[in-house]
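Chemist: The structure follows.
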Amino acid sequence: MPVSEIVDKPLILNTVKPEHQPFWDCWALETHRGRQVWRFTLPQDLKEIIKTPQDWQKPEAQQFLINMQAAFAYDKKGQPHSADLPYRTSRLKQTGFSPREDGSSTENLGERAKTAAKKGFHFYQGLQTDDGNWPGDYGGPLFLQPGMIIVSYLTKHPIQEPHASLCKQYMLNMQNEDGGWGLHIEGKSTMLGTVLQYVALRILGKKKDDPQIEKARKWIHENGGANYIPTWGKFYLCLLRVYEWKGFNSILPEIWKFPKWLSFHPSKYWCHARMVHMPMAYCYANKIRSAKTDLVKELRQELYTTPYNEVNWKKARNQFCEKDLYTPHSSLLKFATGLMNAYEKIHLKSWRKSTSRFLLKQMKQENENTFSINLGPVNHIMNTLCMHHGFGNESIVFKDSIERWSDYLWLAEDGMKMNGYNGSQFWDTNFAALSLMEAGMDKEFPDMAKNIYQWMDDQQIKTEIPHREEYDRCIRKGGWAFSTFEQGWPITDCSAEGMKTSIKYMHAGILNGPELTVNKERLKDTVNVLLAYQNKDGGWASYEPTRAPKWVEKMNAAEVFGDIMLDYSYAECTSACLQGLTTFRKEYDDYRTEEIERAIKRGHAFLRSIQREDGSWLGSWAVCFTYATWFGIEGLIASGEDPQTSPEIKKACEFILSKQKPDGGWGEHFESCVQKKYVEHPQSQVPNTAWALLALMAAKNPNKEAIDKGIQFLISKQDSWGDVPQQQISGVFNFNCMITYTAYRNVFPLWALSRYTKLSEQGLYHS
Ligand code: LAN
Numbered sequence: 000m001p002v003s004e005i006v007d008k009p010l011i012l013n014t015v016k017p018e019h020q021p022f023w024d025c026w027a028l029e030t031h032r033g034r035q036v037w038r039f040t041l042p043q044d045l046k047e048i049i050k051t052p053q054d055w056q057k058p059e060a061q062q063f064l065i066n067m068q069a070a071f072a073y074d075k076k077g078q079p080h081s082a083d084l085p086y087r088t089s090r091l092k093q094t095g096f097s098p099r100e101d102g103s104s105t106e107n108l109g110e111r112a113k114t115a116a117k118k119g120f121h122f123y124q125g126l127q128t129d130d131g132n133w134p135g136d137y138g139g140p141l142f143l144q145p146g147m148i149i150v151s152y153l154t155k156h157p158i159q160e161p162h163a164s165l166c167k168q169y170m171l172n173m174q175n176e177d178g179g180w181g182l183h184i185e186g187k188s189t190m191l192g193t194v195l196q197y198v199a200l201r202i203l204g205k206k207k208d209d210p211q212i213e214k215a216r217k218w219i220h221e222n223g224g225a226n227y228i229p230t231w232g233k234f235y236l237c238l239l240r241v242y243e244w245k246g247f248n249s250i251l252p253e254i255w256k257f258p259k260w261l262s263f264h265p266s267k268y269w270c271h272a273r274m275v276h277m278p279m280a281y282c283y284a285n286k287i288r289s290a291k292t293d294l295v296k297e298l299r300q301e302l303y304t305t306p307y308n309e310v311n312w313k314k315a316r317n318q319f320c321e322k323d324l325y326t327p328h329s330s331l332l333k334f335a336t337g338l339m340n341a342y343e344k345i346h347l348k349s350w351r352k353s354t355s356r357f358l359l360k361q362m363k364q365e366n367e368n369t370f371s372i373n374l375g376p377v378n379h380i381m382n383t384l385c386m387h388h389g390f391g392n393e394s395i396v397f398k399d400s401i402e403r404w405s406d407y408l409w410l411a412e413d414g415m416k417m418n419g420y421n422g423s424q425f426w427d428t429n430f431a432a433l434s435l436m437e438a439g440m441d442k443e444f445p446d447m448a449k450n451i452y453q454w455m456d457d458q459q460i461k462t463e464i465p466h467r468e469e470y471d472r473c474i475r476k477g478g479w480a481f482s483t484f485e486q487g488w489p490i491t492d493c494s495a496e497g498m499k500t501s502i503k504y505m506h507a508g509i510l511n512g513p514e515l516t517v518n519k520e521r522l523k524d525t526v527n528v529l530l531a532y533q534n535k536d537g538g539w540a541s542y543e544p545t546r547a548p549k550w551v552e553k554m555n556a557a558e559v560f561g562d563i564m565l566d567y568s569y570a571e572c573t574s575a576c577l578q579g580l581t582t583f584r585k586e587y588d589d590y591r592t593e594e595i596e597r598a599i600k601r602g603h604a605f606l607r608s609i610q611r612e613d614g615s616w617l618g619s620w621a622v623c624f625t626y627a628t629w630f631g632i633e634g635l636i637a638s639g640e641d642p643q644t645s646p647e648i649k650k651a652c653e654f655i656l657s658k659q660k661p662d663g664g665w666g667e668h669f670e671s672c673v674q675k676k677y678v679e680h681p682q683s684q685v686p687n688t689a690w691a692l693l694a695l696m697a698a699k700n701p702n703k704e705a706i707d708k709g710i711q712f713l714i715s716k717q718d719s720w721g722d723v724p725q726q727q728i729s730g731v732f733n734f735n736c737m738i739t740y741t742a743y744r745n746v747f748p749l750w751a752l753s754r755y756t757k758l759s760e761q762g763l764y765h766s
């Protein structure tokens, strides 16, 4: 559906073309304790025709799939980011949503903000699941889904036809005009994106002479051929047997068996780096590869500019397309790679075997610790392949892993995509709670507030990992994960936010006494987690304290990402932990009080130390300076700085004010993250505007005119149902890859409107 039809129009239930509706109606999102699975139901007239998977080959079934794909055709030009309509429209239908009347019109901006907030919350409540959270699109990266399709090919475990055909449609929709695909949906074409979608589309049945495939092949050839794909891509191509393992730099699986005190031991990497290294090491140790099928033979001919057997594999190890390179290999990595490649020639077979067994055991345990969801999308799919290789097609571990693939698949109007995590449920729900409570709107929407609380209560992690040291895991009881408790990896800021929000509920008044189940005892566990996770530099990283010295970053062989080897102290995580701990300390002064005090002091000093000359903070997890500067300001205030007098806060506000656009909004381009300098977006963006306003209002900035203009901008963006149009992609990881946060277009403006409402009611911003 062209986005021009959506933007500036209310999100009405019939945004879907009538002829497409039956195909959308085949899909329903099933949720249980945060788990999100899109289920497909056959339409009545096909039930008699399709009874077994083979029946999908029948002409009627094929025609159905073609028509369904057409219902998810999406024009990426102009607005590459879809608006999550299938979930939203179907949920609103289910909840019998009807929009709220605007009420009497008024000139008073405080009143108008309040009306807009109420309208927005009313709409947002319509999207809440029965178990209390907000499912949503968490797509964006384009290097994930092809991995799933390749592994499904290798394990001969086909993705169900309706899902596969919409995965295909998604990839076709996301092709850039030049024929290639980016690292993410809004990025310029890269070799990684293009070759991976190419092979995935071919596996899913696209023909060699299909015009979109031809265009893609042209892009690949013009940019040197698949031998120029970055290392992670080389890995997937090796598995598919369309690239040779001898063209892949050794990753030395035995490094896992080195003494753990070595600073470059993989157990010291950022958890995402090590949990991807692990299955890669296993696959490399066993040189896993597909059978030499007809498709493999064809792909070998299609992907290269020379005949396959003339590719110089040794050279190809270090050939990377310029368009992909974000972090070129360091001299240290080149030197280490030389040694590892040399060892590969003479490697000890028995050591390799025992390493391989060790890795398998580790990965099996990761499955057990995470209800087979695994830490993230990359290691989940790779682990599935390793379980298949190590334990066989019929093994329970393999079947359990496959069963969880559905947790990563998301349907939007642009087709079926692989999410960057098993969702962002906890994170989004937490912000909904905070924005709701900011202006006491929990009293207006008590059911919504209560459901949120029950869900957060359910989602706190309540168990430790057995023998956790053996698996390099930290304590986790009392923490919260970003998605669901089942995923089981607590995160510093999610845990701190969970603690802060639970305490806010104690004062909100909508729940009382025994209803407040997230009690002091349970919050003590959260404190234990946060104190254990603080870094030596005083800051907080994402999942664990930093485990290795900075030079280990130089071993990064994933050319497309920055800062991937270590877990660093981040502005956002540090601020959230400061807010969580100060909230706890205010509430209870008899649990680890001195340690908390010390942690806050050190965290505060760290946050100040990373403020930039211009007053801003660099963001790592959303776009970019507006996001982190908001966190920076909130963190300084929480740890005791007086916003009226603090020179740091004043400077930060000046930075923010200097970026306001003439229409009253703020717009920061995602290139800010890539370049680590402020890059303006041509249009004001709703999330950026909300973060800037939240920051200015938290700091009680006296520039009322700027704040009013920003609030007016946010109100103007709200449609008559209370939704907001989807604009630029707003999340990021490793500085170069963007990721979708569907909830951000709703929760953050609602929070800013609530804050404005509260301040107006207190007379501070009285119009
Ligand atoms: C996330 C999502 C959540 C995010 C916040 C909690 C918002 C942040 O404050 C801390 C970092 C964290 C936890 C984060 C880290 C990187 C993740 C896990 C992701 C962006 C989601 C997907 C991404 C992961 C690395 C994607 C897989 C890619 C690899 C390079 C392995």
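Sequential numbering from 0 applies to the sequence shown in numbering that gives the first Met the number 0.
We put the CB at the ideal spot given by N, CA and C, even for glycine.
(1) If you draw a straight line from the C-alpha of S434 to the C-alpha of S729, how long is it?
(2) Using CA atoms only, rank isn't needed, just tell me which of Y740, L758 and R754 is closest to A82.
(3) Using only the alpha-carbon positions, how far apart do G186 and L200 sit?
(4) Does ligand 1 have a heavy atom nearer than 7 Å to the CB of P376?
(5) What residues in its chain sit with their C-beta under 7 Å from that of I609, if we drop five residues either side in the sequence?
(6) Straight-line CA distance for H346 to K352?
(7) Assuming contact is defined by CB atoms lying nearer than 8 Å, are R521 and G477 in contact in what I supplied?
(8) Can you tell me the Cα-Cα spacing of W114 and G538, whole angstroms?
(9) Would you mind reading off the limits of the alpha helix (DSSP H) that contains P748?
(10) Measuring from the CB of D492, is there a heavy atom of ligand 1 at a distance below 7 Å?
(11) Based on Cα-Cα distance, which residue from A531, Q168, I563 and Y169 lies nearest to I490?
(12) Any idea if I395 is buried or exposed, counting beta-carbon neighbours within 10 angstroms, 16 or more meaning buried?
(13) Between which residues of its own chain and K519 is the CB-CB distance below 7 Å, once the five residues before and five after are set aside?
(14) What does DSSP give as the partner residues of A621 in its beta bridges?
(15) Taking only runs that begin and end inside the segment 368 to 395, name each unbroken alpha helix (DSSP H) of 4 or more residues, in chain order.
(16) Pull up the distance between the alpha-carbon of I184 and that of A225, whole angstroms please.
(17) Give me the DSSP bridge partner(s) of Y410.
(18) Are the Cβ atoms of T428 and S400 separated by less than 8 Å?
(19) Here's the rule I'm using: 16 or more other beta-carbon atoms within 10 Å means buried, otherwise exposed. How should Y342 be labelled?
(20) Starting from the N-terminal side, write out each stretch of the alpha helix (DSSP H) that is 4 residues or longer and does not extend beyond the segment 240 to 276.
(21) State the start and end residues of the unbroken beta strand (DSSP E) segment that holds Q684.
(22) Under the criterion of a Cβ to heavy atom distance below 7 Å, does V275 qualify as lining ligand 1?
(23) Need the endpoints of the alpha helix (DSSP H) that C493 sits in, please.
(24) Can the beta-carbon of A697 be found closer than 8 Å to that of I636?
(25) Apply the 10 Å Cβ neighbour rule to H271 and answer buried if 16 or more other Cβ atoms are within range, or exposed otherwise.
(26) In the DSSP output, which residue or residues are listed as bridge partners for C736?
(27) With burial defined as no fewer than 16 other Cβ atoms inside 10 Å of the residue's Cβ, what is the status of K600: buried or exposed?
(28) With DSSP as the reference, identify every bridge partner of P85, one or two as the case may be.
(29) Please state whether the Cβ-Cβ distance between A432 and K757 is less than 8 Å.
(30) Can the beta-carbon of A598 be found closer than 8 Å to that of K267?
(31) Does T336 come out as helix, strand or coil in the three-state DSSP assignment?
(32) T326 and G181 look like a contact to me (Cβ under 8 Å); what is the Cβ gap, rounded to whole Å?
(33) Whether or not the segment 439 to 446 and the segment 373 to 388 are in contact is what I'm after, with contact meaning three or more pairs of Cβ atoms, one per stretch, closer than 8 Å; do they touch?
(34) Per DSSP, which one or two residues make a beta bridge with A27?
(35) With hydrogens ignored, establish whether the beta-carbon of C572 is closer than 7 Å to any heavy atom of ligand 1.
(36) Cβ of S81 versus every heavy atom of ligand 1: is any distance shorter than 7 Å?
Modeler: In short:
(1) Stepping through the sequence shown from its first residue, residue 434 is reached at position 435. Stepping through the sequence shown from its first residue, residue 729 is reached at position 730. One C-alpha to the other measures close to 19 Å.
(2) What you label residue 82 is simply residue 83 of the sequence shown in a count that begins at 1. Minimum Cα-Cα distance from A82 among the listed residues Y740, L758 and R754 corresponds to Y740.
(3) Taking the first residue of the sequence shown as position 1, residue 186 is located at position 187. Taking the first residue of the sequence shown as position 1, residue 200 is located at position 201. Between G186 and L200, the C-alpha separation is close to 19 Å.
(4) Position 377 of the sequence shown, counting from 1, holds the residue named residue 376. At least one heavy atom of ligand 1 is nearer than 7 Å to the Cβ of P376, so yes.
(5) Within the sequence shown, the letter at position 610 stands for residue 609. Same-chain partners within the cutoff: A570 and W616.
(6) To locate residue 346, count along the sequence shown from 1; it is residue 347. To locate residue 352, count along the sequence shown from 1; it is residue 353. The straight-line gap from Cα to Cα measures roughly 11 Å.
(7) Reading the sequence shown from its first residue, position 522 is the one you call residue 521. Reading the sequence shown from its first residue, position 478 is the one you call residue 477. At the C-beta level, R521 and G477 come within 8 Å of one another.
(8) Along the sequence shown, read from residue 1 onward, the residue named residue 114 stands at position 115. Along the sequence shown, read from residue 1 onward, the residue named residue 538 stands at position 539. The sequence shown places Thr at residue 114, not Trp. If I take the Cα positions, the gap works out to 39 Å.
(9) Your numbering for residue 748 matches position 749 in the sequence shown. Where P748 is concerned, the enclosing alpha helix (DSSP H) stretches over Y743 to E760.
(10) Within the sequence shown, the letter at position 493 stands for residue 492. Checking every heavy atom of ligand 1 against the Cβ of D492, one is found closer than 7 Å.
(11) Within the sequence shown, numbered from 1, the residue matching residue 490 stands at position 491. The residue with the shortest Cα to Cα distance from I490 is A531.
(12) Residue mapping note: residue 395 aligns to position 396 of the sequence shown, counting from 1. Burial call: exposed.
(13) The sequence position of residue 519 within the sequence shown is 520, counting from 1. Excluding sequence neighbours, K519 sits near Y587.
(14) Working through the sequence shown from its first residue, we reach residue 621 at position 622. DSSP links A621 through a beta bridge to G730.
(15) Entirely contained in the segment 368 to 395, the alpha helix (DSSP H) runs reaching 4 residues are, in chain order, 376 to 390.
(16) Position 185 of the sequence shown, counting from 1, holds the residue named residue 184. Position 226 of the sequence shown, counting from 1, holds the residue named residue 225. Distance between the alpha carbons of I184 and A225: 20 Å.
(17) In the sequence shown, residue 410 corresponds to position 411, counting from 1. Sequence inspection shows Leu at residue 410; the Tyr mentioned does not correspond to that position. Answer is M415.
(18) In the sequence shown, counting from the first residue as 1, residue 428 sits at position 429. In the sequence shown, counting from the first residue as 1, residue 400 sits at position 401. 8 Å or more divides the Cβ of T428 from the Cβ of S400.
(19) Residue numbering aside, residue 342 sits at position 343 when the sequence shown is read from its first letter. Y342 is exposed by the Cβ-count criterion.
(20) Inside the segment 240 to 276, DSSP marks no whole alpha helix (DSSP H) run of 4 or more residues.
(21) Translated into the one-based positions of the sequence shown, residue 684 becomes position 685. Taken as a continuous stretch (DSSP letters only), the beta strand (DSSP E) holding Q684 covers E679 to Q684.
(22) The count along the sequence shown starts at 1 and reaches residue 275 at position 276. V275: yes, Cβ under 7 Å from ligand 1.
(23) Position 494 of the sequence shown holds residue 493. Unbroken alpha helix (DSSP H) run through C493: T491 to A507.
(24) Mapped onto the sequence shown, residue 697 falls at position 698. Mapped onto the sequence shown, residue 636 falls at position 637. Closer than 8 Å, so yes.
(25) Working through the sequence shown from its first residue, we reach residue 271 at position 272. With 16 or more other Cβ atoms inside 10 Å of its own Cβ, H271 counts as buried.
(26) As a first step, residue 736 is located in the sequence shown; it is residue number 737 there, counting from the start. DSSP lists F732 as partners of C736.
(27) Residue mapping note: residue 600 aligns to position 601 of the sequence shown, counting from 1. K600 comes out exposed.
(28) Residue mapping note: residue 85 aligns to position 86 of the sequence shown, counting from 1. BP columns for P85 are empty, so no partner.
(29) The count along the sequence shown starts at 1 and reaches residue 432 at position 433. The count along the sequence shown starts at 1 and reaches residue 757 at position 758. In this structure, K757 does not lie closer than 8 Å to A432 by Cβ.
(30) Taking the sequence shown and counting its residues from 1, the one referred to as residue 598 is at position 599. Taking the sequence shown and counting its residues from 1, the one referred to as residue 267 is at position 268. In this structure, K267 does not lie closer than 8 Å to A598 by Cβ.
(31) The residue labelled residue 336 in the question sits at position 337 within the sequence shown. If DSSP states are grouped into helix, strand and coil, T336 belongs with the helices.
(32) Locating residue 326 in the sequence shown gives position 327, where the first residue counts as 1. Locating residue 181 in the sequence shown gives position 182, where the first residue counts as 1. Between G181 and T326 the Cβ distance is about 17 Å, and since that is not below 8 Å, they are no contact.
(33) no
(34) As a first step, residue 27 must be located in the sequence shown, where it is residue number 28. Answer is R38.
(35) Residue 572 sits at position 573 when you count from the first residue of the sequence shown. Yes, ligand 1 has a heavy atom inside 7 Å of this Cβ.
(36) The sequence position of residue 81 within the sequence shown is 82, counting from 1. Answer for S81: no, Cβ out of range of ligand 1.
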